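Shown next, in structure tokens, is the structure this report addresses.
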Amino acid sequence: SSSSSSSSDGNSSGGNSGSNSVEHSPAILREGADPQYNAPDKVIEITPADPIFVSTVDQPVGKKGKKKGKPQKQQQQLVKVKSAAKRIQEAADPMSKALQAHGCAVCDNFLPKDLVDEIRDEIERLEPHYRNSEIWVGKDAELGAQITVPRVRGDKVLWVNSASIMHSNMKGMKEMMERIDRLVFTELGSRVDRLRHLKDRTDPMLAIYPGGGSRFQKHVDNTARDGRRLTVLAYLNPDWKEENGGSLRVHERLVAKDIAPMGGRIAMFFADEIPHEVTPAHAYRHAVTLWYYDAEERKEALARAPKEAPEETEEALRSRQEARAFMLWILAHDGAADESAVQAITQRALKLSPKAVRIVAGVTGAPSPEDFMSALARLTPEGLQQLRTDLNEMGL
Numbered sequence: 001s002s003s004s005s006s007s008s009d010g011n012s013s014g015g016n017s018g019s020n021s022v023e024h025s026p027a028i029l030r031e032g033a034d035p036q037y038n039a040p041d042k043v044i045e046i047t048p049a050d051p052i053f054v055s056t057v058d059q060p061v062g063k064k065g066k067k068k069g070k071p072q073k074q075q076q077q078l079v080k081v082k083s084a085a086k087r088i089q090e091a092a093d094p095m096s097k098a099l100q101a102h103g104c105a106v107c108d109n110f111l112p113k114d115l116v117d118e119i120r121d122e123i124e125r126l127e128p129h130y131r132n133s134e135i136w137v138g139k140d141a142e143l144g145a146q147i148t149v150p151r152v153r154g155d156k157v158l159w160v161n162s163a164s165i166m167h168s169n170m171k172g173m174k175e176m177m178e179r180i181d182r183l184v185f186t187e188l189g190s191r192v193d194r195l196r197h198l199k200d201r202t203d204p205m206l207a208i209y210p211g212g213g214s215r216f217q218k219h220v221d222n223t224a225r226d227g228r229r230l231t232v233l234a235y236l237n238p239d240w241k242e243e244n245g246g247s248l249r250v251h252e253r254l255v256a257k258d259i260a261p262m263g264g265r266i267a268m269f270f271a272d273e274i275p276h277e278v279t280p281a282h283a284y285r286h287a288v289t290l291w292y293y294d295a296e297e298r299k300e301a302l303a304r305a306p307k308e309a310p311e312e313t314e315e316a317l318r319s320r321q322e323a324r325a326f327m328l329w330i331l332a333h334d335g336a337a338d339e340s341a342v343q344a345i346t347q348r349a350l351k352l353s354p355k356a357v358r359i360v361a362g363v364t365g366a367p368s369p370e371d372f373m374s375a376l377a378r379l380t381p382e383g384l385q386q387l388r389t390d391l392n393e394m395g396l
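According to UniProt numbering, the residues represented by the sequence shown are 1 to 396, in order.
Right, dumping it as structure tokens:
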């Protein structure tokens, strides 16, 4: 499976926003089937002694108060800017070394508590616009479908247009993005070999894990060479407790490291290399994700993309919805995998349009629509059960 990329109409509620966005639909890794799965020998909680861990000083630079010739409000703003610059300066060298050596880095206190609180207040107003996230099921980026499978990915997401943020009253979000952009583009881009040719990034993706054990199974973000080189996560959860779960679990060769989503912490890793997951969350968990593009890889990805996306046509949209409904019907069907169930699926498949059959064939791995229909005619109850298992485990 692979990530699919698309542009949007720029709306801030639902879907992507901005021509530099991607639909985050990564490959789900399955034990025994994917070389990158790398089941770890042990799982450890990250500590300050870990080589990927960095912490910045959580204090302002300079003194707040009146100085001759400058209004107090202006002085406070200058203090805030200096504090941001100091945090970035303190984080740059150790984070670049961690990325070079381990492909991952974590920084505590990068966002001060008052900024985290401000951002939480801003995104609280947007929560009604979040939608259930989806993952891509299919053999490649062009043939498959987006479906919601909570057991695989249980978060809700909202893409927010960057330009809208810069010209809105979302001052906290704007400041956070400016801090992270400066750290990545200016500081890390000049220090880390794989980041020397960064150009542009996605719009921010806001995500909520609503508790109740919601999770995101192990995956790699960029499996389709869509240009994403670096994933950056900013966590907005003050007073997060260990029993809440919801850790980012980063997989190295022999060990997996759990990174709690504590407020003010940022984590980053190479989007095309590092397997990771979100462990079951038992409380509301807020995060913002940004992906930074490698210029050459992004240029090649855009050149490969069709000039006119097939989903733009009304007929293609209907076919995609038809195929999606068929697959969800198979997944949601609670009856036994017996002859009557096989017959019901066969009869429903016969009513699919040719283009919908092509999509379903791609999802199930059939070489062609004709091969899919031929295999369906020979489907047994055991085969139906295996099909459900494969779809549930996202092993395609």
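Backbone N, C-alpha and C define an ideal beta-carbon position, used for all residues, glycine too. Keep in mind that this is a model prediction, so the values were computed, not measured.
Residue closest to residue i, alpha-carbon to alpha-carbon, out of the options
| i | options | result |
| --- | --- | --- |
| R131 | V192, A207, V184 | A207 |
| L183 | T202, K156, A85 | A85 |
| A92 | I266, D371, M173, A224 | I266 |
| Y293 | T231, A337, M268 | T231 |
| C107 | A344, E277, R249, G264 | G264 |
| E243 | R285, R378, D193 | R285 |
| R225 | P354, R304, H197, N237 | R304 |
| F270 | S96, M177, I44 | S96 |
| P204 | T346, L158, L111, R125 | L158 |
| P381 | A344, D371, S353 | A344 |
| K199 | E296, H276, N109, A356 | E296 |
| K174 | S353, F216, E122, S214 | E122 |
| A316 | S83, L195, S353, R229 | S353 |
| G227 | A234, R194, R253 | R194 |
| N222 | A336, D258, L248, P275 | P275 |
| I330 | R388, T346, H167 | R388 |
Whole-angstrom distance between residue j and residue i, CA atom to CA atom
| i | j | result |
| --- | --- | --- |
| L188 | H251 | 22 angstroms |
| K139 | V363 | With a pLDDT of 44 at K139, under the threshold of 50, the modelled position of this residue cannot be trusted, and the question is left open. |
| R298 | N161 | 19 angstroms |
| P369 | R320 | 15 angstroms |
| R318 | V360 | 13 angstroms |
| K156 | V288 | 12 angstroms |
| I180 | I88 | 8 angstroms |
| G246 | L384 | 34 angstroms |
| A349 | F326 | 8 angstroms |
| D239 | S55 | 17 angstroms |
| L99 | V192 | 7 angstroms |
| R120 | L236 | 7 angstroms |
| S6 | A341 | Low local confidence applies: a pLDDT of 32 at S6 is under 50, so the model's placement there is unreliable, with the coordinate-based value given in what follows. Cα-Cα distance, rounded: 36 angstroms. |
| K113 | M176 | 12 angstroms |
| R256 | V43 | For the record, residue 256 in the displayed sequence is Ala; it is not Arg. Approximately 5 angstroms, taken between the alpha carbons. |
| D272 | V220 | 6 angstroms |
| T186 | K351 | 56 angstroms |
| E142 | R358 | At E142 the pLDDT is 49, less than 50, meaning the model places this residue with poor confidence; the figure from the coordinates comes in the next sentence. Their backbone Cα atoms lie some 11 angstroms apart in a straight line. |
| K355 | R324 | 12 angstroms |
| L233 | Q386 | 36 angstroms |
| E339 | K218 | 35 angstroms |
| S214 | T313 | 34 angstroms |
| A283 | L328 | 28 angstroms |
| F216 | E118 | 27 angstroms |
| residue 418 | K241 | This structure cannot speak to residue 418, because the chain is shown only from 1 to 396. |
| R229 | L111 | 23 angstroms |
| P94 | F53 | 8 angstroms |
| A337 | E322 | 22 angstroms |
| V300 | R196 | Looking at the sequence shown, residue 300 is not Val but Glu. E300 and R196: Cα-Cα distance of roughly 17 angstroms. |
| A33 | L248 | Reliability of the predicted coordinates at A33 is poor, the pLDDT of 46 falling under 50, and the value obtained from them is presented with this limitation in mind. C-alpha separation (whole angstroms): 23 angstroms. |
| S168 | E178 | 14 angstroms |
| I165 | S83 | 22 angstroms |
| M170 | R253 | 40 angstroms |
Residues sharing a beta bridge with residue i, DSSP
| i | result |
| --- | --- |
| D108 | S55 |
| Y293 | R228 |
| S214 | A281 |
| G245 | A281 |
| R253 | DSSP, once it has assigned bridges, lists no residue as partnering R253. |
| K156 | N132, I208 |
| A287 | A207, Y235 |
| D258 | E45, R249 |
| residue 400 | With the chain represented from 1 up to 396, any question about residue 400 goes unanswered, as that position is not in the structure. |
Cβ separation of residue i and residue j, assumed to be a contact under 8 angstroms, to the nearest whole Å
| i | j | result |
| --- | --- | --- |
| A260 | G211 | Actually they are not in contact, since the Cβ atoms of A260 and G211 sit about 15 angstroms apart, beyond 8 angstroms. |
| V116 | Y209 | Contact doesn't hold; Cβ gap of about 17 angstroms is too wide. |
| T202 | L290 | 6 angstroms |
| A366 | A375 | 6 angstroms |
| M268 | A105 | 5 angstroms |
| D258 | E45 | 5 angstroms |
| T346 | L379 | 7 angstroms |
| P48 | H102 | 15 angstroms between Cβ atoms; not a contact. |
Closer than 7 angstroms to chain C by CB, residue i
| i | result |
| --- | --- |
| A91 | Absent from the structure: chain C. Only one protein chain is present. |
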